[in-house]
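Novice:
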Amino acid sequence: IVSQGAIMPKMTNATAKAELGRATWRFLHTMTLRFPEKPTQSDRETLLRFMNDFSRLYPCGECAEHFQQLLKELPPQTASRMNAALWLCAAHNKVNERLGKPEFPCDKLDETYDCGCGDDT
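Letter by letter, the sequence shown follows residues 1 to 121 of the UniProt record's numbering.
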């Protein structure tokens, strides 16, 4: 999926890096939990392109490189909202494992990342 490397340099401010990481996971989990239950082929391709582009543009270059490797090992699943959400949770847990953080319970996604948006598009 990823054909080129990260664009951004290494991020040296640990506090900013951690804050960015938390905000990023909230954004990505909310996005996959709002992804269509029955996505069109175009929707699926858009999510794949987004993840590819995101892995190059992420402001922390070192993190972007790790995410690119993760995308190669665990390609995004886009067949449905549930596939996308569970794929991202598995990816998040791979990152948590690498960082020595506890595993996130994937059955708690809805309650943890509920945006209060409803299902209307």
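We put the CB at the ideal spot given by N, CA and C, even for glycine.
Being a predicted model, the structure only gives us computed values, none of them experimental.
Are the region 56-69 and the region 14-32 touching by the rule of at least three beta carbon pairs closer than 8 Å?
Specialist: As far as the Cβ criterion goes, the region 56-69 touches the region 14-32, which means the pair count is three or higher.
Novice: Who are the Cβ neighbours of residue 128 in its own chain at under 7 Å, not counting the five residues just before and after it?
Specialist: Outside the displayed span of the chain (1 to 121) sits residue 128, for which this structure offers no information.
Novice: Measure how close the beta-carbons of T24 and A84 come, nearest whole angstrom, since I'm counting them as under 8 Å.
Specialist: Residue mapping note: residue 24 aligns to position 24 of the sequence shown, counting from 1. Residue mapping note: residue 84 aligns to position 84 of the sequence shown, counting from 1. Going by Cβ atoms, the distance from T24 to A84 rounds to 16 Å, so no, they are not a contact pair.
Novice: Between which two residues does the alpha helix (DSSP H) holding C63 run?
Specialist: Residue mapping note: residue 63 aligns to position 63 of the sequence shown, counting from 1. Its alpha helix (DSSP H) spans residues 61-73.
Novice: Report yes or no: do three or more beta-carbon pairs, one from the region 77-91 and one from the region 33-50, lie closer than 8 Å?
Specialist: The region 77-91, when compared against the region 33-50, does touch it at the 8 Å Cβ threshold.
Novice: Could you check whether the region 2-12 touches the region 51-61, counting it as contact only if at least three pairs of C-beta atoms, one from each stretch, sit closer than 8 Å?
Specialist: Judged by Cβ distances under 8 Å, the region 2-12 makes contact with the region 51-61, as three or more pairs qualify.
Novice: Among the residues of its own chain, which have a CB less than 7 Å from the CB of C117, if the five just before and after it don't count?
Specialist: Taking the sequence shown and counting its residues from 1, one reaches residue 117 at position 117. These residues qualify, in order along the chain: R34.
Novice: With a threshold of 16 other CB atoms inside 10 Å of the CB of C89, please say whether the residue is buried or exposed.
Specialist: In the sequence shown, the residue the question calls residue 89 occupies position 89. The residue is buried, with at least 16 neighbouring Cβ atoms inside 10 Å.
Novice: Quick one: complete alpha helix (DSSP H) runs, 4+ long, within the UniProt domain "ERV/ALR sulfhydryl oxidase" (13-113)?
Specialist: As far as the UniProt domain "ERV/ALR sulfhydryl oxidase" (13-113) is concerned, its whole alpha helix (DSSP H) runs of at least 4 residues are 14-34, 41-57, 61-73, 81-99, 109-112.
Novice: What's the C-alpha gap between F50 and W87?
Specialist: Along the sequence shown, read from residue 1 onward, the residue named residue 50 stands at position 50. Along the sequence shown, read from residue 1 onward, the residue named residue 87 stands at position 87. The alpha-carbon atoms of F50 and W87 are separated by roughly 15 Å.
Novice: Do you know offhand how far K108's Cα is from G100's?
Specialist: Taking the first residue of the sequence shown as position 1, residue 108 is located at position 108. Taking the first residue of the sequence shown as position 1, residue 100 is located at position 100. Distance between the alpha carbons of K108 and G100 is about 20 Å.
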